[in-house]
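Numbering (this note's numbering), first residue to last: 6 to 172. The structure appears below as structure tokens.
As structure tokens, then:
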């Protein structure tokens, strides 16, 4: 998948100065939220090695990049909304980030709502667990600031026209 100009995490910043710098240097995200956003962008861009490198799962500590890819390769991540953060700052040891992410799989759409838990180990943030709920058939209606025209490039970064992809 090609690298988008705008970061998939929704920050409206250029990818290379947003999540791209964390993707190029795993373990450098300064906060739990920055790590969560960079992990979302990694899922959106299918950078499964980064996902594996930034997690220390309590329930499946041996999960590999291939395992992550096997369950996510067909998912197209469309938008991310951060709902809440607790702790997770540069001086904290733990943090929580609650978010909603809209996705598309084939002709189906859905929304993932998750409360993600993070832990700082040896100065680096890691995703350790999460409680999530998946809802199917949940069309996403973009706010006015994010409205995309039918012939504009798709917001997911696929390179296709919006009407042929997520529209």
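Virtual Cβ for every residue (Gly too), placed ideally from N, Cα, C.
Proximity to residue i [Cα-Cα], best of the options
i, options, result
"residue 43", "89, 68 and 12", "12"
"residue 52", "109, 88 and 82", "82"
"residue 173", "88, 59 and 108", "This structure cannot settle anything about residue 173, because the visible part of the chain is limited to 6 through 172."
"residue 84", "121, 29, 50 and 33", "50"
"residue 71", "61, 54 and 60", "54"
"residue 113", "21, 41, 45 and 143", "143"
"residue 89", "116, 68 and 121", "121"
"residue 97", "56, 128, 117 and 26", "128"
Residue i and residue j closer than 8 Å at C-beta
i, j, result
"residue 95", "residue 31", "no"
"residue 99", "residue 64", "no"
"residue 47", "residue 102", "no"
"residue 79", "residue 110", "yes"
"residue 104", "residue 126", "no"
"residue 106", "residue 45", "yes"
"residue 33", "residue 132", "no"
"residue 91", "residue 115", "no"
Nearest-angstrom Cβ-Cβ length linking residue i and residue j, presumed shorter than 8 Å
i, j, result
"residue 93", "residue 119", "Going by Cβ atoms, the distance from residue 93 to residue 119 rounds to 14 Å, so no, they are not a contact pair."
"residue 62", "residue 130", "That pair is no contact at about 14 Å."
Any beta strand (DSSP E) of 3 or more consecutive residues that is wholly inside the stretch 37-108: Here the runs fully enclosed are 81-92.
Length at least 3, wholly inside the stretch 14-38: the beta strand (DSSP E) runs in chain order: The stretch 14-38 is shown to contain no whole beta strand (DSSP E) run of 3 or more residues.
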